[in-house]
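Position one of the sequence shown corresponds to residue 48 (this note's numbering), numbered consecutively onward.
Each residue gets a CB set at the ideal place from its N, CA and C atoms; glycine is no exception.
Worksheet for the structure shown next.
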Amino acid sequence: MTTIIKAGESRASDSDALATTFQLDDMSQLADGYLREARLKARQILAEANLQADQIRRQAEQQGKDAAVEAVANLVQNKVSQQIQTTLPALQQMVKEIRCTKDKWLSQWEREAVRLATAIAARVIRRELSQDPRITLDLVSESLRLASTSGTLKILLNPEDHATLLGEVETIAKGLRELAPTQILPHSGISPGGCRVETDDGSVDQQIEIQLKRIEEELNNS
48 MTTIIKAGES RASDSDALAT TFQLDDMSQL ADGYLREARL KARQILAEAN LQADQIRRQA
108 EQQGKDAAVE AVANLVQNKV SQQIQTTLPA LQQMVKEIRC TKDKWLSQWE REAVRLATAI
168 AARVIRRELS QDPRITLDLV SESLRLASTS GTLKILLNPE DHATLLGEVE TIAKGLRELA
228 PTQILPHSGI SPGGCRVETD DGSVDQQIEI QLKRIEEELN NS
């Protein structure tokens with residue numbers, strides 16, 4: 048059966064087709080706009096993701112470095128602590144030994160200094176005695192004064208001093224003979240310039256060596 052399209056129907060169909068074409072074009076443009084916007088948004092998201100990824104990577108690297116530095120610091124600190132714990136007792140013992148050695152050295156040095164000073168004093172005194180034997184008379188006077196309250200007195204002198212100073216010693220001892228018997232005797236055991244007064248209660252030794260020895264002992268014990 049043959050279909051007959053009338054003129055009015057043909058114009059209506061063309062109008063509908065044109066409207067449909069316009070609608071498709073609008074939808075296509077709209078779709079293209081959505082697509083461009085989606086692509087732009089996707090690129091923005093991708094850029095932000097890359098930026099965040101870089102930031103995360105850098106943070107991770109920094110954290111890794113910080114962690115590594117901290118780990119190394121802890122390791123070094125532990126090693127140092129172990130070494131200190133190991134060496135500290137040895138160092139303390141070393142310091143103790145050094146102090147002990149120092150004290151011994153100082154003590155020895157002080158004794159040597161006192162001994163040297165005593166030897167120098169002995170030489171000076173002997174030289175003075177050789178130049179002025181009458182110094183012995185002062186020692187005799189002092190000895191007699193210290194022993195004057197005792198009984199019998201014996202004044203012992205070096206034989207050379209006894210020969211040269213007997214008269215002066217007799218004069219010094221004269222007043223004491225009224226109180227106690229007094230003898231003035233030579234004795235080879237008395238050093239030149241010295242004297243020793245013996246009593247019933249003991250003796251007063253005024254020999255230079257004996258006096259210096261007492262001084263040296265007192266200085267070493269002080």
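Look up residue i in the DSSP assignment and give the residues it is bridged to.
i      : result
Pro233 : Leu204
Ser188 : Its beta-bridge partners do not exist; DSSP assigns none.
Ser250 : Glu245
Hey, residue i and residue j are a contact pair by Cβ (cut 8 Å); roughly how many whole angstroms apart?
i      : j      : result
Leu212 : Thr183 : 6 Å
Arg12  : Asn267 : Outside the displayed span of the chain (48 to 269) sits residue 12, for which this structure offers no information.
Val187 : Ile237 : Actually they do not touch by this definition, with Cβ atoms about 11 Å apart.
Thr231 : Glu215 : Note that residue 231 is Ile in the sequence shown, not Thr. Going by Cβ atoms, the distance from Ile231 to Glu215 rounds to 10 Å, so no, they are not a contact pair.
Glu189 : Gln253 : 7 Å
From the options, pick the residue whose C-alpha is nearest to that of residue i; which is it?
i      : options                        : result
Ile202 : Lys112, Gln109, Ser250, Leu259 : Ser250
Leu193 : Gln155, Ser154, Arg243         : Arg243
Ile262 : Leu186, Arg162, Leu191         : Arg162
Leu200 : Gly222, Lys221, Ala210, Pro228 : Pro228
Lys221 : His234, Ser235, Ala210, Leu191 : Leu191
In chain order, what residues of the same chain lie with their CB nearer than 7 Å to the CB of residue i, ignoring the 5 residues before and after it?
i      : result
Gln129 : none
Pro239 : Leu176, Asn205, Glu207, Asp208
Gln102 : none
Glu56  : Since pLDDT at Glu56 reaches only 46, below the 50 mark, its modelled position is unreliable, and the value read off the structure follows with that caveat. Excluding positions up to five away in sequence, the list is empty.
Pro233 : Leu204, Pro206, His209
Glu264 : none
Only counting the same chain, and skipping five residues up and downstream in sequence, which positions put a Cβ closer than 8 Å to that of residue i?
i      : result
Lys151 : none
I'd like to know whether the C-beta of residue i is nearer than 7 Å to at least one C-beta of chain C.
i      : result
Gly236 : Within the model displayed, chain C is absent; a lone protein chain is all it includes.
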